[in-house]
Amino acid sequence: MPLPLSAIPSQPHENEPADAVHESAETLALLARRRSLKLMHLQAPAPSAEELDALINLAARVPDHGKLGPWRFVIIDGEGRTRAGAALEQVIRNDEGVDDARREFVRGWFNRAPACVMVVSSPRPSPKVPEWEQVLSAGAVCFNLLLAAHALGYAGSWLTEWPTFDERARVALGLAAEERVAGFVYLGTAAQGAAERVRADVSSRISRF
Ligand SMILES: Cc1cc2nc3c(=O)[nH]c(=O)nc-3n(C[C@H](O)[C@H](O)[C@H](O)COP(=O)(O)O)c2cc1C
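The following block contains the structure:
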């Protein structure tokens, strides 16, 4: 059962004292043990509109050099999933080698999970903040969204897949030329748990000057 929205504390206003440090054994447990789920294991209910709004507001609390907010969110849930899938299907409809089965699969692309938040990296022209930093901030948003969803009681997965890398798909989903999909964060209720996966050997990736 997801936690009630009242479990999410209000965010501080500008210049109000914030919690720079917040000891939390529960946060450490979440970080130590969380897992993404495969789309086939995400079932209804999706987070409600109010929950998605709250999750996105938490997700957006990321480091963001220059306070540019170089990202935006497109919610693809409910009937919107069918509309977005239809837009993708139009993209591939007449591609070489595409048969009816593929068309139908692509039409149902966003119906593979109860909800999806398309996190769009939307870099702003800036003499001070390199685009690289702005893109990294969008990546941080994706993971923050996943963590927030997990903490509220939903399951999810951060995927890119072909629509991220197909310019026609990006246009069909409403992205501007300078924008990229940082992630499709699929969300739903866990139909089952997940076993741990292989992890990178971190110790071999740590060095010290
Ligand atoms: C930017 C990004 C894009 C990803 N895209 C895909 C993808 O298209 N397809 C896929 O199977 N996994 C993709 N993954 C991996 C999934 O998120 C994967 O389920 C995850 O790494 C599982 O690890 P976790 O349980 O620790 O979250 C992507 C990961 C990242 C960070």
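Just so you know, we're using this note's numbering here: the sequence shown kicks off at 2 and counts up by one.
Where is the CB? At the ideal position from N, CA and C, for every residue including glycine.
Quick caveat: nothing in here was measured; it's all calculated off a predicted structure.
Three-state class that DSSP yields for residue i in the structure shown
{"i": "Arg108", "result": "helix"}
{"i": "Gln135", "result": "helix"}
{"i": "Arg36", "result": "coil"}
{"i": "Ser127", "result": "coil"}
{"i": "Asn16", "result": "coil"}
{"i": "Val172", "result": "helix"}
{"i": "Phe210", "result": "coil"}
{"i": "Ile9", "result": "coil"}
Residues bridged to residue i [DSSP beta-bridge criterion]
{"i": "Ala116", "result": "Asp78, Leu188"}
{"i": "Ser158", "result": "Tyr187"}
{"i": "Trp72", "result": "Ser122"}
{"i": "Val142", "result": "Note: Val142 sits in no beta bridge, so no partner."}
{"i": "Leu43", "result": "Ala191"}
{"i": "Arg94", "result": "According to DSSP, which records beta bridges pairwise, Arg94 is partnered with nothing at all."}
{"i": "Arg181", "result": "Ser122"}
Residue environment, residue i, which counts as buried when at least 16 other CB atoms sit within 10 Å
{"i": "Pro48", "result": "buried"}
{"i": "Gly98", "result": "exposed"}
{"i": "His14", "result": "exposed"}
{"i": "His151", "result": "buried"}
{"i": "Leu6", "result": "exposed"}
message = I'd like to know if the segment 174-184 and the segment 57-65 are in contact, where contact means that at least 3 CB-CB pairs between them fall below 8 Å.
response = Inter-segment contact for the segment 174-184 and the segment 57-65 is absent: fewer than three beta-carbon pairs are separated by less than 8 Å.
query = Taking three-plus beta-carbon pairs below 8 Å as touching, is the segment 72-84 in contact with the segment 108-126?
reply = Yes: the two stretches touch, three or more of their Cβ pairs being nearer than 8 Å.
task = Could you tell me whether the segment 90-106 touches the segment 121-140, using the rule of 3 or more Cβ pairs below 8 Å?
result = No, because fewer than three Cβ pairs between the segment 90-106 and the segment 121-140 fall closer than 8 Å, the two stretches do not touch.
ask   = Is the segment 33-44 close to the segment 193-204, with three or more CB pairs under 8 Å?
value = Flag = yes, the segment 33-44 and the segment 193-204 touch.
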